[in-house]
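The block underneath contains the structure these notes are about, expressed in structure tokens.
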Amino acid sequence: MIDLNGIKLRNRLLTSSSLLGYGASKRRLILYGLSPIAQWVPLERFGAVVTRTLTSEPREGNFTLREDWKPWQAGELLGRYRGALRRVDGGWINAFGWSNIGIDRYFHEYHPLTAHLNRIISLGGFSAAEFGSLVEVVNREAPVGDIAAIELNVSCHNVGFDFGTILADVLATAVPLSRHPVLLKLSPDYDYLAHARLAQLNGVNALTAINSVKALRLDPVTGRPLLKNGYGSLSGRAIKPIGLRIVAELREAGIGLPIIATGGIHDFDDCREYFWAGADAVSLGSAVWLRRMPAYALGPFEGLRIRRLISAVERYRLPARRARPIAVEPAQA
Ligand SMILES: Cc1cc2nc3c(=O)[nH]c(=O)nc-3n(C[C@H](O)[C@H](O)[C@H](O)COP(=O)(O)O)c2cc1C
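Residue numbers (our numbering): 229 to 561.
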């Protein structure tokens, strides 16, 4: 067991928000929102599994909440996916726009299915009051110790809202109200050093870095954006150097809170790089859980690789000297 400033993790390897949906599927063959690779990995072996961001009310976002797709409707479903998620240069661009079933249905339909997992619940809203009422629902539905933490997503690009305007109020409201430890998810597109300092001042337990990076791809022939939302968020291998930079900069700025790193992590070396940069735990996102459709057929092999990765991270001891600054002296003329 690892204790990150009150957040209890089974080990230092987590899964990032949303890549495993709500942490379970209701039916064996319909893995709604859950990466198909997940069925080949015992998810209870992860340090923790972070849910998709949940809002007060159900939201279609830029995708769909329908779960009753028939095999002959596969084309329509794939079309919806193409409007919200595309494979691009070294990563993925997505704009699901907080498509989720809402917090009440989550607790009713999915939370009871994941009692064997160590869970972190991601919450999203557009005001401090909304975050406050989400925290109240979690307080009511999840007894102390039932989940490892809540994660406040106050940095998503795909919902057309400037979260910088509400962050201070959200932290002042949500942190004291929560019976569970609190994580704040940081974005490279906001003033993440200021946000981390605010988190420290407001008693947040730890930080998650980084949320996906605001991005754009256009169809070269028509000039139309590839995604329904226009702009989207980049994740995967392409953002790993940005994630490393942000973790290192947080440490150089003297941020002492534990950091859970996510950004392009695929293998053990990626984890070690993030630990050297200053992370205390690492999290698997799109570079592991998303694939081109045919490659999901290799799920059993990928599952084996992930199980070995969990074991490697479990055995790993954090380097003692890792907090040293990365920035070097300016070169002599
Ligand atoms: C398809 C998709 C959906 C995502 N949805 C959420 C979300 O609901 N809430 C959130 O906080 N982050 C969300 N993220 C961001 C990831 O949790 C993660 O922070 C980001 O992708 C960077 O990590 P990665 O490069 O390892 O994927 C999503 C990412 C992807 C690819």
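Just so you know, even glycine gets a beta-carbon here, dropped at the ideal spot from N, CA and C. Note that the structure is a prediction, hence the values are computed from the model and not measured.
Selection from the options that minimises the alpha carbon distance to residue i
{"i": "N233", "options": "Y309, G261, G431 and G360", "result": "G431"}
{"i": "E295", "options": "S263, W517, G318 and S253", "result": "S253"}
{"i": "A302", "options": "Y334, M521 and D497", "result": "M521"}
{"i": "L241", "options": "L454, T436 and L421", "result": "T436"}
{"i": "L399", "options": "E477, F389 and K413", "result": "K413"}
{"i": "L411", "options": "L454, K456 and S350", "result": "S350"}
{"i": "L247", "options": "R452, A507, N322 and L454", "result": "N322"}
{"i": "G251", "options": "P270, A489 and R238", "result": "P270"}
{"i": "A422", "options": "G482, P448, F389 and R452", "result": "G482"}
{"i": "G471", "options": "I438, G460 and P486", "result": "I438"}
{"i": "G325", "options": "H344, G275, A376 and V387", "result": "V387"}
{"i": "R368", "options": "I487, A476, V382 and I331", "result": "I331"}
C-alpha distance - residue i paired with residue j, whole-angstrom precision
{"i": "R500", "j": "A509", "result": "10 angstroms"}
{"i": "A563", "j": "A402", "result": "Not covered by the structure: residue 563. The range shown for the chain is 229 to 561."}
{"i": "A443", "j": "H385", "result": "9 angstroms"}
{"i": "R479", "j": "G319", "result": "26 angstroms"}
{"i": "S406", "j": "V363", "result": "6 angstroms"}
{"i": "G527", "j": "N433", "result": "35 angstroms"}
{"i": "T243", "j": "T450", "result": "37 angstroms"}
{"i": "A427", "j": "E304", "result": "42 angstroms"}
{"i": "L380", "j": "H344", "result": "23 angstroms"}
Segment limits, beta strand (DSSP E) that includes residue i
{"i": "T281", "result": "Segment: none, T281 is in no beta strand (DSSP E) and carries neither H nor E."}
{"i": "D231", "result": "I230 to L232"}
{"i": "R314", "result": "L313 to V316"}
{"i": "R520", "result": "Where R520 is concerned, there is no enclosing beta strand (DSSP E), given that its DSSP letter is neither H nor E."}
Per-residue burial, residue i [other beta carbons within 10 Å of its own, 16 or more giving buried]
{"i": "P469", "result": "exposed"}
{"i": "E285", "result": "exposed"}
{"i": "D497", "result": "exposed"}
{"i": "F359", "result": "buried"}
{"i": "P448", "result": "exposed"}
{"i": "P404", "result": "exposed"}
{"i": "A466", "result": "buried"}
Opening and closing residue of the alpha helix (DSSP H) in which residue i lies
{"i": "L271", "result": "Careful: L271 lies outside any alpha helix (DSSP H) and carries neither H nor E."}
{"i": "I534", "result": "G527 to R543"}
{"i": "V403", "result": "L395 to L405"}
Nearest-angstrom Cβ-Cβ length linking residue i and residue j, presumed shorter than 8 angstroms
{"i": "D397", "j": "A356", "result": "4 angstroms"}
{"i": "A523", "j": "G492", "result": "Rounded, the Cβ-Cβ distance is 17 angstroms, inconsistent with contact."}
{"i": "F354", "j": "S327", "result": "Incorrect: roughly 15 angstroms between the Cβ atoms, too far for contact."}
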